[in-house]
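To start, the structure under review is shown below, and the notes come after it.
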Amino acid sequence: MKRLAWTLLLGLVGLALGARFATFSVEPFGAQRLDLDTGVTTLPQGGILTDNENGLRLKAAYIAYKEGSFVRAREVELLSEKERFVAASLEHDIPKQQALFQDLLFANADFQDLRADRALALFEEEVVVLKGRVQAKSPRLQAEALAVDLKAREALALGSFTYQEGKATLRGQGKDARLYLRFAGGKVQATTKLPAQAARLEAYAKRLP
Numbered sequence: 028m029k030r031l032a033w034t035l036l037l038g039l040v041g042l043a044l045g046a047r048f049a050t051f052s053v054e055p056f057g058a059q060r061l062d063l064d065t066g067v068t069t070l071p072q073g074g075i076l077t078d079n080e081n082g083l084r085l086k087a088a089y090i091a092y093k094e095g096s097f098v099r100a101r102e103v104e105l106l107s108e109k110e111r112f113v114a115a116s117l118e119h120d121i122p123k124q125q126a127l128f129q130d131l132l133f134a135n136a137d138f139q140d141l142r143a144d145r146a147l148a149l150f151e152e153e154v155v156v157l158k159g160r161v162q163a164k165s166p167r168l169q170a171e172a173l174a175v176d177l178k179a180r181e182a183l184a185l186g187s188f189t190y191q192e193g194k195a196t197l198r199g200q201g202k203d204a205r206l207y208l209r210f211a212g213g214k215v216q217a218t219t220k221l222p223a224q225a226a227r228l229e230a231y232a233k234r235l236p
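For what it's worth, the working numbering labels the leading residue of the sequence shown as 28, then goes sequentially.
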């Protein structure tokens, strides 16, 4: 049960959802309770889930999950070798293979201090959609919404945005404004002339109301 719940979280950091691990450990900070009537396991004082083989670590102040149904956590930090996710809360719908985050802070090689009021992670597609006061320290971006493809290393800002690179500033106003970002070779390519793949990112953005 523990292995399944943790496996389904790993899509967010670009690993296959079907993966299994040779070693896996759970470290509760207090009691670990299983409700036999509902099948829900709760760590009311939180705990740490560690995948020793892949170097992944999930720490949360509260964790509850039900096999095949959901995972919920509060004050969450998920670390891998390449990504860091910190959020006030996580609600993971296992059948839909997606998760909702509140007050998300994200960082990887492409984004530093990327923040949003809420976010949706689509595990199979390796896509994260962020909405509500979206802003990043690097690249210097503010937007109403942002769809990020972690695997393709591209993103689309939707709605009013401000993007700064050196002394240059790009701005878009209104709900129809768009900015496409592509990360390659340690550089960011930003353009308001949208390539064909931008339509796919826009479709993902609609998955989060």
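Glycine included, every Cβ here is placed at the ideal spot set by N, Cα and C.
Give every residue of the same chain whose Cβ lies closer than 6 Å to the Cβ of residue i, excluding the five residues on either side of it in the sequence, and list them in chain order.
i	result
residue 210	137 and 180
residue 77	52 and 84
residue 175	155 and 182
To the nearest angstrom, report how far apart residue i and residue j are at their CA atoms.
i	j	result
residue 235	residue 140	21 Å
residue 120	residue 186	28 Å
residue 127	residue 156	10 Å
residue 160	residue 172	8 Å
residue 61	residue 99	15 Å
residue 194	residue 106	34 Å
residue 58	residue 124	28 Å
residue 79	residue 170	37 Å
residue 91	residue 65	12 Å
residue 215	residue 97	36 Å
residue 151	residue 178	11 Å
residue 117	residue 201	30 Å
residue 162	residue 184	10 Å
residue 95	residue 203	39 Å
residue 72	residue 104	15 Å
For residue i, count neighbouring C-beta atoms within 10 Å of its own C-beta (all shown protein chains included) and say buried if the count is 16 or more, exposed if not.
i	result
residue 153	buried
residue 63	exposed
residue 143	buried
residue 198	exposed
residue 68	buried
residue 230	exposed
residue 158	buried
Just tell me which of the options has its CA closest to the CA of residue i.
i	options	result
residue 219	233, 189 and 134	189
residue 88	74, 97, 94 and 96	74
residue 112	162, 86 and 207	86
Could you name the residues of the same chain whose beta carbon sits closer than 7 Å to that of residue i, not counting the 5 residues immediately before and after it, in chain order?
i	result
residue 130	114, 115 and 144
residue 191	167
Next item on the list: Decide yes or no for the touch test of the region 219-226 against the region 153-171: beta carbon pairs closer than 8 Å, at least 3 of them.
Entry: Contact fails: fewer than three Cβ-Cβ distances are below 8 Å.
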